[in-house]
Structure formats: structure tokens, C-alpha cells
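To keep things clear, I will list the structure first and then write my remarks on it.
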Amino acid sequence: MLFNSLQFAIFLPIVFVLYWFVTNKNLSFQNLLLLISSYFFYACWDWRFMFLLMFSTLLDYFTALQMQYATNQNERKFWFWLSIVVNLGFLGIFKYFNFFSESFANTMSYLGWQINPLMIKVVLPVGISFYTFHGLSYVIDIYKQRIQAEKNFVDYAVFVSFFPLLVAGPIERATHLLPQIKKERKFEYLRAVDGLRQILWGLFKKVVIADKCAIFANQAFNNSGDMNGSTLFLGAIFFTFQIYGDFSGYSDIALGTARLFGIDLLRNFAYPYFSRDIAEFWRRWHISLSSWFKDYLYFPLGGSKGGNWMRIRNTFIIFIVSGFWHGANWTFITWGALNALFILPSVVLQTNRNNIDIVAKGRSLPTITELTQMLLTFTLTIFAWIFFRAENISHALNYISDIFSSSLFSTPKFDDMRQVLVILILIVLFMLIEWTGREDLYAIEKFALKYKRSIRYIFYYIIISAIFISILLSTGKEQQFIYFQF
Amino acid sequence: MKKFIFKTLLFLLPIPTIIICGLVMPTTPRASKSLLMASINKNSLLRNTQSPRVIFVGGSNTCFGLNSQTVYSKLGLNPINTGIHALIGIKYMIDNTVENIKKGDIVVLIPEYGHYYRNLDEGSEELMRIIFDVDFSNIKYLDIQQLFNIVSFLPKYALSKYKITEYINIQESDVYSVNSFNKYGDTYTHWGKKPERFIPFPTISGDFNYEVIKYFEKYNEEITKKGAVLLVSFPCYQASSFKNSINQIKKIEDELNHSKLNIIGTAKRYMMPDSMMFNTPYHLTKSGVEFRTALLIEDLKSRAK
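Residue numbers (the numbering used here), protein chains in the order written: chain A, 1030 to 1515; chain B, 3 to 307.
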């Protein structure tokens, strides 16, 4: 069940009404309803993987309690490593087994030994990377004695499988979400309206921006050998907006949906394409994953305490692991390594925390320096996304070398140039709205509130119309979110 | 809370209103020219063609892959080609024909390979359009799952009624149009045209759908009771696409051979050279149509013996 599907448009109001009208007197019933709804939501993809989710939840719940009641450190260690090994084991089998097997066979063939890689035919369970990381953070926090183990199984299971975040995050922390699950929730009108507004903006990003950009990004990347430099360059820009619209759109819908149930999820995006350097970009892109890696990998590795060499090593480790988290392909690893390279100068010079606040705060326009910094960062980002989108490394390298050919200055050749122009105008309008709302949680949070109701409604109806027109021009079936595959 | 729900419903009211209006608006001039409209003529053929008859049931591989005039000349049977589009779903195609099957009819069922996998037998957007644009009374043939499948296409369909290009400047396709079929139901307007470039289909995805075979067996029982005969055959399929899905096609053939159905021909026999394909891996050029028709006639004759 996709957020942009008719099924979800039916599912959400039903759960909402049951939640606030039927189970509202009792927190336990509310949480039980959320759990049942979340499992139903997940089972709509593939009911068989529901058992994997249940097993993972049970394992972490049980091992956390065992750690809490363990009488000595060895016992705690045993339960901790059991959970880590099993969780990562599942992730490894479903997501990485074939990659390692194939890479091993390739390495052997370089050394002169021909072996057939052992491949397993399994479908990647939707959201496995996300809910595994939920569980891992919980178990690590218990082991480090930062939090107490949750005794109520339903509450813990809701923390892992709450449907808005189940398949593509944000990657929540027990310290943030569990207290909200355990606390009585009262319906707040303004909060719910705000949630709906964020859902609307998320749908706009997904259906109008991402899905439209996807058409031409796919044309460029799928036929890159036949395209000229300018078409490939535009294709890379389209992918840059596709992935932003797709993933941040998903996150907006997730946050908005959770708010309808009186729950605030972690913010996942904060206008990353307005960043002035790569370090700022990574504080604004997929925030919940970046902070996860920072807290559970970067700091345990020593963070930036041990001098330049350790900073460089740790930076490379977290970016490469982060790339690998996205998928079992060398393209993702290269994408991670590239970002590590980009961020390296600021890490070495310790200027990586120069740009903490949003750009041009309190002003309408950026300075020339800020604009130059933003454009430079954006260009680096586009360059890295080419690796993220390409089928393999040689595809990415050919794509880049074809961009920088003499045909870079020729006319782009997409199937429908009129639609390309429409999408480029839409992107400009979209970025203008994002720029205007960049100091808020999401772009239209307060954008329309400045105006009287009639103008506000016209603005909302324009967004709704744009969504429906995009659906009308599409193939009819809703498009999958990119991050579901991770 | 009640205020929130009331105001949300009020705010969203224009959306269902526009969709419902779109659904009840008459079929647009553009849709009236679509190849799906051919089902009216094809149903009329099913009702009115005299016995002895041979009825071909399938997707576009059937209408783009047969010369019924040759079938008539060689077999002396009155052919009816009911094929239109694979995405109508083989289940609907079967259900739509069953009440018009008469004693002595030979029904040749030729599903496309995709129909055996996932739930493609149940139909997609084209099924929705055939119900809403062509004949709404045929909704009686749809089961819950089919209804559920087509619901997701309704908003797009309803909104298409507001597209100005549905009403003006309509250029009728010379291949995919209600007027592209001959008197037997074969698509023939492309026969003089040059083949178009297209990409072979990738490997068929998804799990094998065993329900499809069970449904064919049920169909077989029903039409056998009526005194007709059901034969199941294989679609014409481009060689390059065939090779991409060779394991999936072998699975289909194995399952059919282990069923209670009467099978004619083999999958490999109907694997067509790439040079005989017109614009998709299931659509044949004129020479391909003649070649495939000859094969099918041979198989029907050998079955008769």
C-alpha cells in the first residue's frame, strides 16, 4: 500500500476514525489499533514478510529485557550480540548475500580461479533496512544503559512498526518515539490540520515533481549511450529533483500522517539543496539516517577526537557504510565515498560546522557568496547522484564522460521537449516555494497562513489540481517510492 | 474533532464531486474511436455468426496474429476473433464469451504468457475502460478482485473526461482503432505497413498463478456441458522476448500439459522470428500472420484427426 494510492486514501481515514472515536478512551486500545493497522499496512505488500517483521520485533523485545535483567556483564554481552548478529544476519542474507557472493567470485576470477557465485533467489522485504535500524538503535541504547527496556510488547511493537515510518523511515529512536507512544494523546485541531497540510505538500513533491522528473531521468539514464551531453546533463538534474521530491515527499507524508495520530516523528529533510557546503547538506538530507550513523558508528569509532587521521578514517567509514546501507551495489559505495571526499576538506580544516543555520536567515535573498556556495554544493551533489542512479560504475563513468563531450552545448533531445519545459518551470516554482518557506518545518507550513482564507484555499486547490493533473497525465498506476527498495 | 472532520470533508468535497461527474459523463469522442470499442462488434459476431464456428479467445496476440479468412478457407469453419488487448485480462475474456458459446463450437483459448503470472489474468486499466466506456452492464462479469483492481484507475479515467484533447483535434489511429478490424475481428490495417522498432520484453516477473489453470479447467467444464470443445494454445511471441522468459514459458507449458485441458501445439512452435514482428513482441506483420495462421491450422487439423 503506497502513500500515493487509493488504498491508502481509504485506509487512513478508517484508521483515523477508529483511533479517535472508538479507541480514544483507552491508550492500550489505541496502541493495539496502531499495531494491527501497521501490520495490515505491511501485509499489503507481502504478508509473508510480516512474520520476519514480527520475529525481528520479538527478538529485540526479548533480548532487551534479558539485557536489563542480566546479572553480569557477560550475560548482557551475550544477549546484545545475539540481537546484533541475528538482525544484521537477516539484513545480510536478504540484502547483501548475492553482492558478496558475486564480488567474491569476481575477485577469484581476477586471481585466476573460476568459480560460480552462489546466488539466492529472495525478494528484498520492504523496509527491512529501516526497521532493522530501529531495532538496532533500541538494543544498543539498552546495552549502553541509556534507556530502560520496554516491558509492554504492544508499545514496543508500535515503536518498530508504526505504519507511517515502517517502510521508509524516518529512522526513529526509542528515546524520542516510545515516550510518545506511552503517553495519553489528545486530539488537537491545529496539529491535525498541520498534518494534513504536510501530507498535501508531500504528495505534491512526489506526484508532481518526482514522478514527472522520473520520466526524463529514466529516459536519460536508460538510453545514455544514445543521448547527447546536454540531454544527459538535464537527465542528471531531473534525477536530482526526482530523488529529493520522492524521498522528502515520502517523509512529509509520514510526518503529516503521524501528526494526525498525535505523534511527532523525527524530521528527515531540511531543504538540503540550499546547503552551502557538503557538511551542511548531510545535516539536511535524510537527517534521521545521518544522525543514526553519527551516534551509533561515528562516535563509537572515536568521532573527531583523535586528530586528523582518525577524523578522515571515520568520515570515510560512515559515508561508505551509509552508501552500502542504500543497496548492495558498488555504485552506492562509490556514491558514499565521493561524498566523503567532498566533505573531507571541511573535516580536515574543521570548518564543517560553519553553516549551521539555514541560509539567508531573516533575509529574502542570499548574498553572492552564499549563492555561489549553494550552486557549487548543488553541482557536487548532482555529480554524486549520477553514481547513485547508474546501473554500475562503468555506466556512471560513461554517463559523466558523455556529459563533458562537445555535445554538452547542443540542444537536448528528449521525447517530449514541451513537457521538459513544463517540468523545468514547475521545478523553478517548487524551489521558489521551498526558498520562501525554508525557515519552517516544511515549505508551506506557514506559507499560506499569511494570507486570508480565500487566497489560502485557492493556493491549496492549485496544489490539489496540480496533483490530479499529474495523475491524469501519468500511466494511471501510482509510482513506487525510490527508498522502498532500501 | 467533529469540526476537523466536517471541515476536511467540506474542503475535499470538490474532489469526489469532480470524479463522480467525470465517471457519469458520456464516453468521449476519442474513447469512442479506441480499439476497445471493437468489443461491441465482436460480441455481436459471437451472438450472430452461424455454426460451425471456431472462436479465438485471447489478447492482442490473437487479433494481431491471425488471418481468419485463411482459417475459413482451409477449415470451412466460421471464425470469430475476439482478441483485443491483453490487459483486459483473460478472466474477463473468458467470462464475456461463455454465454454465447453454442453446441459444436470450437473455442481456441490463447492467453498471453503474462496472464499466467501474478494477477494479470484479472485485467488492468483496459478492463476498467471496457466496462465504463463500452458496456457498463458487463460489470456483472467482474469478481471482487477485478473490481478492486480497476478502482485505482477510476480517478484517472474520470479526470480524462475533462481533457480538451478528448473532444477536439482527434486523429484516429490507423492501427489501434475501432476501425482496424476486419469482418472476423482480425486487426488488418497494419498489414501493409513497415515493422516498427521496439525493445523485446524482459523476463516475465512474479510468481506462477495456479488459479489461472484452474479457471481454464472450470471454463472447459462449462463449455463442454454446452457441447462445445475447448483447445488451449500458445501465443505467437518474438524470439528475443521468448529467450528472456524461457524458464517461465517452460513452466506454463509443463503446467498446461499436466492439466485436464486439451493443448494444441507447443510454445516453441509459436516462437516467431524477430523479423516477423510488427510493433510489440506479440504483434505480427502480414507475413508473420500468414505463417502463424498456417501453424495453427495445422495444429487444429491434426487435433481433428
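Ideal Cβ placement from N, Cα and C applies to all residues, glycine included.
Just tell me which of the options has its CA closest to the CA of residue i.
i: Leu38 of chain B; options: B:Ser235, B:Leu297, B:Gly187 and B:Asn264; result: B:Gly187
i: Phe1387 of chain A; options: A:Phe1298, A:Ser1434, A:Ala1425 and A:Arg1340; result: A small correction: the amino acid at residue 1387 of chain A is Ile; Phe does not occupy that position in the sequence shown. When only C-alpha atoms are compared, the closest one is A:Phe1298.
i: Gly1365 of chain A; options: A:Val1377, A:Ala1357, A:Val1350 and A:Gln1379; result: A:Val1350
i: Thr1465 of chain A; options: A:Phe1488, A:Thr1440 and A:Ser1393; result: A:Ser1393
i: Thr1204 of chain A; options: A:Gln1174, A:Phe1080, A:Arg1214 and A:Leu1232; result: A:Gln1174
i: Pro275 of chain B; options: B:Asp137, B:Glu114, B:Phe293 and B:Phe150; result: B:Phe293
i: Pro165 of chain B; options: B:Gly78, B:Leu12 and B:Gly24; result: Per the sequence shown, residue 165 of chain B should be read as Lys rather than Pro. The shortest Cα separation from Lys165 of chain B among B:Gly78, B:Leu12 and B:Gly24 belongs to B:Gly24.
i: Ile1272 of chain A; options: A:Lys1241, A:Ile1292 and A:Asn1252; result: A:Lys1241
i: His260 of chain B; options: B:Phe218, B:Trp193 and B:Leu286; result: B:Phe218
i: Lys1215 of chain A; options: A:Ala1072, A:Phe1050, A:Ile1415 and A:Val1044; result: A:Phe1050
i: Ser1435 of chain A; options: A:Ser1066, A:Leu1047, A:Met1256 and A:Leu1082; result: A:Met1256
i: Lys1180 of chain A; options: A:Ile1282, A:Met1096 and A:Phe1361; result: A:Met1096
i: Gly116 of chain B; options: B:Met278, B:Leu298 and B:Ile251; result: B:Ile251
How would you label residue i, buried or exposed, when you count the other beta carbons within 10 angstroms and need 16 or more for buried?
i: Gln148 of chain B; result: buried
i: Asn50 of chain B; result: exposed
i: Glu1201 of chain A; result: buried
i: Lys1234 of chain A; result: buried
i: Met1137 of chain A; result: exposed
i: Thr1092 of chain A; result: buried
i: Lys1124 of chain A; result: buried
i: Ala1038 of chain A; result: exposed
i: Tyr221 of chain B; result: buried
i: Arg1340 of chain A; result: buried
i: Lys1054 of chain A; result: exposed
i: Met1148 of chain A; result: exposed
i: Asp145 of chain B; result: exposed
i: Tyr1218 of chain A; result: exposed
i: Val1155 of chain A; result: buried
i: Gln1143 of chain A; result: exposed
Compute the distance between the beta-carbons of residue i and residue j, then report whether it is under 9 Å.
i: Thr1363 of chain A; j: Ile1422 of chain A; result: yes
i: Ala1287 of chain A; j: Leu1409 of chain A; result: no
i: Tyr169 of chain B; j: Arg32 of chain B; result: yes
i: Pro1199 of chain A; j: Leu1295 of chain A; result: yes
i: Asn80 of chain B; j: Arg55 of chain B; result: yes
i: Phe203 of chain B; j: Pro283 of chain B; result: yes
i: Ser1367 of chain A; j: Phe1412 of chain A; result: It should be pointed out that residue 1367 of chain A corresponds to Leu in this sequence rather than to Ser. Contact: yes.
i: Ile21 of chain B; j: Tyr118 of chain B; result: no
i: Phe1303 of chain A; j: Glu1474 of chain A; result: no
i: Gly1231 of chain A; j: Ser1280 of chain A; result: yes
i: Leu232 of chain B; j: Val109 of chain B; result: yes
i: Leu1064 of chain A; j: Val1183 of chain A; result: yes
i: Ile254 of chain B; j: Asp301 of chain B; result: no
i: Trp193 of chain B; j: Thr295 of chain B; result: no
i: Glu128 of chain B; j: Leu89 of chain B; result: yes
i: Leu1432 of chain A; j: Phe1262 of chain A; result: Note on identity: in this sequence residue 1432 of chain A is Ile, with Leu being the wrong assignment. Yes, the pair counts as a contact, with Cβ atoms nearer than the cut-off.
i: Asn1427 of chain A; j: Ser1253 of chain A; result: yes
i: Asp107 of chain B; j: Ile57 of chain B; result: yes
i: Phe1119 of chain A; j: Ile1171 of chain A; result: no
i: Ile1452 of chain A; j: Phe1128 of chain A; result: no
i: Arg305 of chain B; j: Asn249 of chain B; result: no
i: Tyr1486 of chain A; j: Phe155 of chain B; result: no
i: Thr1086 of chain A; j: Ala1186 of chain A; result: yes
i: Asn1343 of chain A; j: Gly1331 of chain A; result: yes
Would you list the residues sitting across from residue i in a DSSP beta bridge?
i: Arg1482 of chain A; result: Beta-bridge pairing links Arg1482 of chain A to no other residue.
i: Thr189 of chain B; result: B:Phe183
i: Phe210 of chain B; result: B:Tyr119
i: Val1196 of chain A; result: BP columns for Val1196 of chain A are empty, so no partner.
i: Val59 of chain B; result: B:Leu111
If you draw a straight line from the C-alpha of residue i to the C-alpha of residue j, how long is it?
i: Leu1501 of chain A; j: Ile1176 of chain A; result: 49 Å
i: Leu48 of chain B; j: Ile92 of chain B; result: 17 Å
i: Asn184 of chain B; j: Asn63 of chain B; result: 15 Å
i: Gly85 of chain B; j: Ser1190 of chain A; result: 46 Å
i: Tyr5 of chain B; j: His1355 of chain A; result: The sequence given here places Lys at residue 5 of chain B; Tyr does not occur at that position. Spanning the two alpha carbons is a distance of roughly 43 Å.
i: Asn151 of chain B; j: Ser126 of chain B; result: 7 Å
i: Phe1497 of chain A; j: Thr10 of chain B; result: 18 Å
i: Phe1322 of chain A; j: Asp1306 of chain A; result: 19 Å
i: Val291 of chain B; j: Asn98 of chain B; result: 25 Å
i: Ser280 of chain B; j: Glu198 of chain B; result: Reading off the sequence shown, one finds Phe at residue 280 of chain B, where the question assumed Ser. Roughly 6 Å between the two C-alpha positions.
i: Ala1283 of chain A; j: Phe1250 of chain A; result: 29 Å
i: Gly1164 of chain A; j: Leu1318 of chain A; result: 14 Å
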